[in-house]
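Per UniProt numbering, residue 1 is the first one in the sequence shown, and the count goes up by one each step. In this text, a Cβ means the ideal position worked out from N, Cα and C, and glycines have one as well. Because the structure is a prediction, the values reported are computed rather than measured. As structure tokens, the structure follows; a few thoughts come after it.
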Amino acid sequence: MIVIAVALGTPRQESAPSPDAVSAGVAPTAATPSATSIRTPSGSPPATASVSDADAAIARLAMLEVVAGYSDARYDRDRFGETWADVDRNGCDTRNDTLGRDLLDPVFKPGTRDCKVLSGLLVDPYDGTHVDFVSGRNTSALVQIDHVVALAWAWRHGAESWTDAQRTAFANDPRNLVAASEEMNQAKSDSGPSEWLPPVAELRCGYVENFVDVLDAYDLGIDPADKDAAQAVLERC
């Protein structure tokens, strides 16, 4: 049986670069994520989305440029900078920042200023299952950090032309990151909404809204199939 929990508490502060900062290739500065920029704080995705959120996402979707979703240049993860860089310079890498924000009851390693996450409980944002996170060689991979808009997908829809600084900011932007189970992260891979949606229908609205928000914030295009799939989800929200 799938259990979807609702977590109480205040999400940790993260940095989310503004579109202006991204356009300038400037690393993000510390800021508190808003409910509109991060729809899955503390590991507890909403069961349903409000009509206003869906309508806003539909309006943003209509404004996105429709592109082929193809790049002649081969995608290279290294073009998006160091994996889980400390772009906000708070002393924590992006993975630990995201774990600390999304896990329930996170336990931090003493002496790391609540940075290194040792354990916690994940409520997966895509299927609602509970996963115990324990930091370790054989256990850390059970909870992974998913890019809502995958880096390879972004590359094919406009990120190829960005600067290295813009791509690094995108790869570490908390509005585009959620802690997810290994199973869901691997299943999603670099797919868009036409190829993959959360298996729990009640969680699809928040996912697609996040997806569209990120495209809008970074002025990315969308291919016809993914636009149609996103539109279909949002119209049912």
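Taking the straight line between their C-alpha atoms, what separation do you get for residue i and residue j?
i: residue 195; j: residue 110; result: 42 Å
i: residue 180; j: residue 186; result: 10 Å
i: residue 27; j: residue 159; result: Legend: pLDDT at residue 27 = 37, less than 50; position of this residue unreliable, no value from coordinates given.
i: residue 82; j: residue 54; result: 34 Å
i: residue 166; j: residue 228; result: 28 Å
i: residue 46; j: residue 198; result: Only weak support is given to the placement of residue 46: the predicted model assigns it a pLDDT of 46, under 50, and the question is left unresolved by the model.
i: residue 178; j: residue 148; result: 7 Å
i: residue 161; j: residue 75; result: 12 Å
Closest to residue i by C-alpha separation, out of the options, would be which residue?
i: residue 140; options: 132, 62, 83; result: 132
i: residue 235; options: 204, 218, 225; result: 204
i: residue 176; options: 218, 193, 70, 182; result: 218
i: residue 191; options: 84, 154, 89, 128; result: 154
i: residue 105; options: 130, 149, 93, 84; result: 130
i: residue 143; options: 182, 164, 163; result: 182
i: residue 69; options: 124, 201, 222; result: 222
i: residue 232; options: 215, 201, 119; result: 201
i: residue 121; options: 112, 113, 134; result: 134
Using three-state DSSP, classify residue i as helix, strand or coil.
i: residue 140; result: helix
i: residue 71; result: coil
i: residue 119; result: strand
i: residue 200; result: coil
i: residue 174; result: helix
i: residue 106; result: strand
i: residue 189; result: coil
i: residue 52; result: helix
Any idea if residue i is buried or exposed, counting beta-carbon neighbours within 10 angstroms, 16 or more meaning buried?
i: residue 207; result: buried
i: residue 77; result: exposed
i: residue 63; result: exposed
i: residue 230; result: buried
i: residue 72; result: exposed
i: residue 174; result: buried
i: residue 146; result: buried
i: residue 94; result: buried
i: residue 172; result: buried
Can residue i and residue j be called in contact, C-beta distance under 9 Å?
i: residue 117; j: residue 100; result: yes
i: residue 151; j: residue 80; result: yes
i: residue 115; j: residue 136; result: no
i: residue 66; j: residue 193; result: no
i: residue 157; j: residue 220; result: yes
i: residue 213; j: residue 57; result: yes
i: residue 184; j: residue 127; result: yes
i: residue 85; j: residue 168; result: yes
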